[in-house]
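Asks: In the order they appear, the protein sequences are chains A and B.
Be aware that the first sequence starts at -15, since it is given in this note's numbering, and climbs by one per residue.
Be aware that the second sequence starts at 66, since it is given in this note's numbering, and climbs by one per residue.
Here it is, the structure in full.
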Amino acid sequence: MASVRISDLHKSFGKSAVLKGVSVDIADGDFVTLVGPSGCGKSTLLRMIAGLEDVGSGEIRIGDEVVNSVPPKERNIAMVFQNYALYPHMRVAQNMGFSLRLSREPRAEIATRVDRAAGILGLMPLLKRFPRQLSGGQRQRVAMGRAIVRDPRVFLFDEPLSNLDAQLRVKMRTEIKELHQRLKTTTIYVTHDQIEAMTMADRIVVMRDGLIEQVGGPLELYDRPENMFVAGFIGSPSMNFIPGELTGDGAFRSKAGALFALGRTAQRAGPAVLGIRPEDIGRPGASGGVPLPLAVRVIEPTGAEVQVIGSFEESEVVAVLKGRDAPKPGETVTLAFDPAKTHLFAPDSGARLH
Amino acid sequence: MAALAERHPGLAAWFGYIRRIPWLAFLLLYTIVTGGPFVWVALMSLRTTNEILDAPYALPSPAHWGKFAEAWTASKYGVYFWNSLIVVGCAVVLLTLIGAMAAHALARFQFRGRKALRLAILSGMMVPPQLLILSLFQILLQFGLYNTLAGLVLAYVATQLAMTIYILEGFFAQLPQDLFDAARMDGYSDFEIFWKITLPIGMPAIATTVVLNFIILWNEFLFAIVLLTDDDKRTLPLGIMHFMGAHQLDIGMIATGLMISIAPIIVLYACFSEIMIKGMTAGAVR
């Protein structure tokens, strides 16, 4: 096990800069997810840590060692790929023990370690099969087994669940998290799925356009997003944004003039964007809350709750309501939100207003 | 039709047969056109030339099996056969190795001038062999390779390399990059990745090129007749030609020689046709 320290990493492919100065510290034993939209540079960053891409400039440190020019196999890390990357002409056991065979470990040692990993992942009955004889979930488990067998300092996962169906994805998510709790190996996990990032990670690194937007624990990112991008990216459905201005006396006025008493007296007057999470909007209850009129357009019931998609002035607003007595499309209903749970952002930079 | 099938299943089945008649007729005709000459040659290979001239389409009675032994020894088909086997065997081995390496490099590595190199190699497919023959003749003469089996092997490799690379590159390019990244992380060098990952996984495509090259080169005539002069160095197609004199034609012996010549191709195709079709259509459906 080892910590990973990335300092001011740059990378370009031809003229396009993919990473523009990324720095992040990953503590020993941490489970960190790199999350962001496609093209944000998260996979490139992972591949650079793996040694599959050259470092443009900056430094990657695994443990105490700078690994910028260390070949992949000598970094003592293991990677699980999106397409499993199992050798189709080798059986499961051979696939798992392959790297050990290359590093000329004794045969008995290879067998012991393969058996141990297979035991952990429940792969014992499949050891003699070829990858083509396995289901998607089993293949992914073999790919993980291959990583475990190496007993690496760091595990790297590159969108490992993208090729699985929704049900299996949830199951494998739990398995990977359980595995990390058991092995406590430093893990870096790339995904574009923020739910995966939220549910699995100790810490999340949100990236966009080759830069880190915010690093923090899942709930920290959810509760205190540093900017509108993170606020919109983390959480599903996304946070609602209503443009307007702060009046200076603690209230927020929307573009069309609706006034919301937020009680934010500390904030100066000026243009702002009000952010409200869909789950913080509910039916007006006895405890009050700030009323929010909504012209309902679409209703999406999920069983446990109902997503109400509607319009407030020119903004689309989504509310998640508990229970089943949902409003009907075409109606205008008055919902309410808790002013203490709202977020305010600067409209130009998108930065959080503290 | 569905209602008819429910009420009169027998009648519906008959309709099915009748509808298929044109298709069956076409298949029958096609089989006769393609298989007929083959059967005819096979029958002639067991008859003497005089018998054939008397009745061209008759069945062999008695069958002269001894003609095969005679062709092999007295008519030197044995020598021609081994020459063919050596030349084609060496050429196919070289083609497969060089072609696979080039295809792997073109499919896997991004390097400066890759596209230009690829175009240069593949444009080789567009040049008709007749155009090359004069320059090849001169080059081989200069290097002392004219009228040698080695010279013919090199000429064959040169002419078939473009097509081999074309087929293999298409297949190799479809192998997922993750596989090669995983191999690098496992500690394989670039050459080991080629040797132990690309080659075994690319076997269907490689088998396709092996069979294809074998068939094409086994029947090759033009280069062989221009680049070889000694009787002892002739390949099978030239050997058969030997029996076509200006004034006489030993049809019986030619037919026997043709059967000797065709046999390896049939065996090869019978063994590898399935894997070859797989290789040809690989990637069409995921």
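Virtual Cβ for every residue (Gly too), placed ideally from N, Cα, C.
In this text the structure is predicted, and so the values were computed from the model without any measurement.
With H, G and I counted as helix, E and B as strand and the rest as coil, what does DSSP make of C336/B?
Replies: Three-state result, C336/B: helix.
Asks: To the nearest angstrom, how far is the alpha carbon of H129/B from that of L93/B?
Replies: Those two C-alpha atoms are separated by around 30 Å.
Asks: Expressed to the nearest angstrom, what Euclidean distance is found between the alpha-carbon atoms of H169/B and A120/B?
Replies: Rounded to whole angstroms, H169/B to A120/B spans 56 Å at the Cα level.
Asks: Could you give the C-beta distance for L53/B and I151/B, rounded to a whole number, given that I count them as a contact under 8 Å?
Replies: Any answer about residue 53/B is impossible in this case: the structure gives chain B only from 66 up to 351.
Asks: At 3 residues or longer, what runs of the beta strand (DSSP E) sit wholly inside the region 278 to 328 of chain B?
Replies: For the region 278 to 328 of chain B, not a single whole beta strand (DSSP E) run of length 3 or above is found.
Asks: Any C-beta of chain B sitting closer than 9 Å to the C-beta of P202/A?
Replies: Closer than 9 Å: no.
Asks: Cα separation between G42/A and R31/A?
Replies: If I take the Cα positions, the gap works out to 15 Å.
Asks: Looking at C-alpha atoms only, which residue of I331/B, I340/B, L111/B is the closest neighbour of P127/B?
Replies: With distances taken between Cα atoms, P127/B lies closest to L111/B.
Asks: Check L337/A in the structure and name its three-state DSSP category.
Replies: Three-state result, L337/A: coil.
Asks: Where does T318/A fall in DSSP's three states?
Replies: Strand.
Asks: Using only the alpha-carbon positions, how far apart do I325/B and L124/B sit?
Replies: Straight-line Cα distance between these residues: approximately 19 Å.
Asks: Helix, strand or coil: which one does DSSP assign to T113/B?
Replies: Correct three-state label for T113/B: coil.
Asks: Is it right to say E285/B is buried, meaning 16 or more other beta carbons lie within 10 angstroms of its own, or is it exposed?
Replies: Buried, because 16 or more other Cβ atoms sit within 10 Å of the Cβ of E285/B.
Asks: Taking 9 Å as the cut-off, decide whether the C-beta atoms of Y334/B and I262/B are in contact.
Replies: No, the Cβ-Cβ distance between Y334/B and I262/B is not below 9 Å.
Asks: Just to confirm, are T318/A and T175/A a CB contact at a threshold of 9 Å?
Replies: In this structure, T175/A does not lie closer than 9 Å to T318/A by Cβ.
Asks: Could you check where the beta strand (DSSP E) with F244/A kicks off and where it finishes?
Replies: 243 to 248 is the extent of the beta strand (DSSP E) around F244/A.
Asks: Of the choices R72/B, Q207/B, L118/B, A136/B, whose alpha-carbon is the least far from that of G322/B?
Replies: Per the Cα distances, A136/B.
Asks: Going along chain A in order, which residues have a C-beta closer than 9 Å to the C-beta of Y253/B?
Replies: Residues of chain A passing the Cβ test: K57, L86.
Asks: Per DSSP, E351/A forms a beta bridge with which residues?
Replies: In the structure as shown, chain A starts at -15 and stops at 338, and residue 351/A therefore has no counterpart that could be examined.
Asks: Looking at the secondary structure, which residues open and close the beta strand (DSSP E) in which L140/A lies?
Replies: L140/A -> beta strand (DSSP E) spans 138 to 142.
Asks: Is the Cβ of D296/B closer than 9 Å to any Cβ of chain A?
Replies: With 9 Å as the cut-off, D296/B does not count as an interface residue toward chain A.
Asks: For Y145/B and R299/B, which I take to be in contact (beta-carbon distance under 8 Å), what is that distance rounded to the nearest angstrom?
Replies: Yes, they are in contact, since the Cβ atoms of Y145/B and R299/B sit about 5 Å apart, within 8 Å.
Asks: Is T158/A helix, strand or coil by DSSP?
Replies: Helix at T158/A.
Asks: From what residue to what residue does the alpha helix (DSSP H) around D207/A run?
Replies: Start and end: 202 to 207.
Asks: Since K161/A and G13/A are thought to touch, with beta carbons under 8 Å apart, how far apart are those beta carbons, to the nearest angstrom?
Replies: Rounded, the Cβ-Cβ distance is 14 Å, inconsistent with contact.
Asks: Are three or more beta carbon pairs between the region 220 to 233 of chain A and the region 295 to 312 of chain A nearer than 8 Å?
Replies: Touching, yes, given that three or more Cβ pairs across the two stretches are closer than 8 Å.
Asks: List in chain order: all unbroken beta strand (DSSP E) runs of 3+ residues lying wholly within the region -12 to 21 of chain A.
Replies: Taking only runs of at least 3 residues, the beta strand (DSSP E) segments lying wholly in the region -12 to 21 of chain A are -12 to -3, 0 to 10, 15 to 19.
Asks: Taking a cut of 9 Å between CB atoms, which residues from the region 259 to 284 of chain B lie near chain A?
Replies: Against chain A - using a Cβ distance shorter than 9 Å - the residues of the region 259 to 284 of chain B are K261, I262, P265, I266, M268.
Asks: Between M80/A and chain B, is the shortest Cβ-Cβ distance under 9 Å, so that the two count as touching?
Replies: No, M80/A lies away from the interface with chain B (no Cβ there is under 9 Å from its Cβ).
Asks: To which residues does DSSP link H327/A through a beta bridge?
Replies: Note: H327/A sits in a beta bridge opposite G259/A.
Asks: Alpha carbon to alpha carbon, how far is M74/A from E289/A? Give it in angstroms, no decimals.
Replies: Between E289/A and M74/A, the C-alpha separation is close to 48 Å.
Asks: Indicate whether at least one CB of chain B lies closer than 9 Å to the CB of A77/A.
Replies: No - not a single Cβ of chain B is within 9 Å of the one on A77/A.
Asks: Let me know the alpha helix (DSSP H) ranges lying completely inside the region 174 to 218 of chain B, each 4 residues or longer, listed in chain order.
Replies: Segments of the alpha helix (DSSP H) lying fully in the region 174 to 218 of chain B: 179 to 187, 194 to 207.
Asks: At a CB distance below 7 Å, what residues from the region 238 to 252 of chain B approach chain A? Give them in sequence order.
Replies: From the region 238 to 252 of chain B, only P241, D243, L244, D246, A247, R249, M250, D251, G252 have a Cβ closer than 7 Å to chain A.
Asks: Contact defined as beta carbons within less than 8 Å: I believe A253/A pairs with L246/A. What is the distance between those atoms, to the nearest angstrom?
Replies: About 13 Å separates the two Cβ atoms, so there is no contact after all.
Asks: Taking the continuous alpha helix (DSSP H) assigned at P32/A, which residues delimit it?
Replies: Looking at the sequence itself, residue 32/A is Met, so the reference to Pro does not match. M32/A -> alpha helix (DSSP H) spans 26 to 34.
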